[in-house]
Amino acid sequence: MSEKYEEMKSFFDARVSGYDEKMAATIEEYDNFYRNVATPIEKTDKPIEVLDLGAGTGIELEYIFENAPNARITAVDLSEEMLKKLVKKYEAHHKQIRTIADSYLSIDLAPHSYDYIVTVMSLHHLMPAKKIYLYKKLREALISGGAFIEGDYIVSTEEEKRLLNEFYQYKKNNPLIEDGEYHIDIPFSEEAQMQALKDAGFQNVNVLFRTPRANVVVANV
1230 MSEKYEEMKS
1240 FFDARVSGYD
1250 EKMAATIEEY
1260 DNFYRNVATP
1270 IEKTDKPIEV
1280 LDLGAGTGIE
1290 LEYIFENAPN
1300 ARITAVDLSE
1310 EMLKKLVKKY
1320 EAHHKQIRTI
1330 ADSYLSIDLA
1340 PHSYDYIVTV
1350 MSLHHLMPAK
1360 KIYLYKKLRE
1370 ALISGGAFIE
1380 GDYIVSTEEE
1390 KRLLNEFYQY
1400 KKNNPLIEDG
1410 EYHIDIPFSE
1420 EAQMQALKDA
1430 GFQNVNVLFR
1440 TPRANVVVAN
1450 V
């Protein structure tokens, strides 16, 4: 175990209690932020397929179900405790929700399986190489005309470089530390995020909503 970086599953298992309240206090324009995450999801009664990566307690599902009450959700998270809370919160939709307690980096995703893929406040735990790998994997999992929606922290290009350098220096002395397995916070700059999505093959990459510390981006297949 690293003294600086805590193992991801343990980190979030230990923080289930009060997690929703913490996010509400941390995210600027909280309601607008999450509402914009759901905005690209067209209003429909159809049982559309939605993949939620790093789903946590499912804060975003409240807004998604407003647009698509019959959506079938696949919620992926390393923390079983977070997923248990998610299922309890959305008991009325329990037949529509499937949970997977695993890493979204390693799970298999069938090609062209999802109408929408959503991730909120999760991918900033990944370094650029793994993030781009994941973007490509997600693009393949979307149907033609599908959309990937990402809401996450952003930083300036200068801060991004500083955080990356700090992690690389730390990893030299701690080679077993891996992004995706440990709680590491290294957000992209908005410029890097947009370029990475385009490099992964997404089309029409647009920022829907922005605060000084976070944004919501939609990228189409």
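Sequential numbering from 1230 applies to the sequence shown in my numbering.
C-beta atoms are modelled at their ideal positions from N, C-alpha and C, and glycine is treated no differently.
Every value quoted in this text rests on a predicted model; they were computed, and no experiment measured them.
- In the DSSP assignment, E1410 forms no beta bridge with any residue.
- The DSSP assignment places 1259-1267 and 1290-1296 as complete runs of the alpha helix (DSSP H) inside the region 1254-1299, in order along the chain (cut-off: 4 residues).
- Considered as a whole, the region 1294-1344 harbours 1301-1306 and 1326-1330 as its complete beta strand (DSSP E) runs of no fewer than 3 residues, in chain order.
- In the three-state reduction of the DSSP assignment, E1379 falls in the strand class, which pools E and B.
- Nearest C-alpha to M1350 among E1388, E1379, K1317 and L1315: E1379.
- For K1360, the closest alpha carbon among the candidates N1402, A1421, V1245 and P1269 is that of A1421.
- Check the Cα spacing between D1249 and each of A1267, L1290, T1268 and I1329: the tightest is with L1290.
- Following the DSSP letters along the chain, one finds N1435 inside the beta strand (DSSP E) bounded by residues Q1432 to T1440.
- I1302 is positioned such that its CB atom lies closer than 8 Å to that of I1326.
- Minimum Cα-Cα distance from N1296 among the listed residues P1269, T1286, L1405 and H1341 corresponds to P1269.
- For A1425, the uninterrupted alpha helix (DSSP H) run begins and ends at E1419 to D1428, by DSSP.
- Taking the Cβ atoms as the reference, L1352 lies roughly 6 Å from D1381, within the contact range of under 8 Å.
- Between Y1343 and F1438, the alpha-carbon positions lie close to 23 Å from each other.
- In this structure, DSSP gives S1385 a state outside helix and strand, which the three-state scheme calls coil.
- Collapsing the DSSP output to three states places N1444 in a strand.
- In terms of Cβ geometry, Q1432 and V1450 form a close pair [threshold 8 Å].
- Rounded to whole angstroms, P1340 and D1331 show a C-alpha spacing of 19 Å.
- In this structure, F1240 lies near H1412, with their beta-carbon atoms less than 8 Å apart.
- Taking the Cα positions, R1264 is about 8 Å away from I1293.
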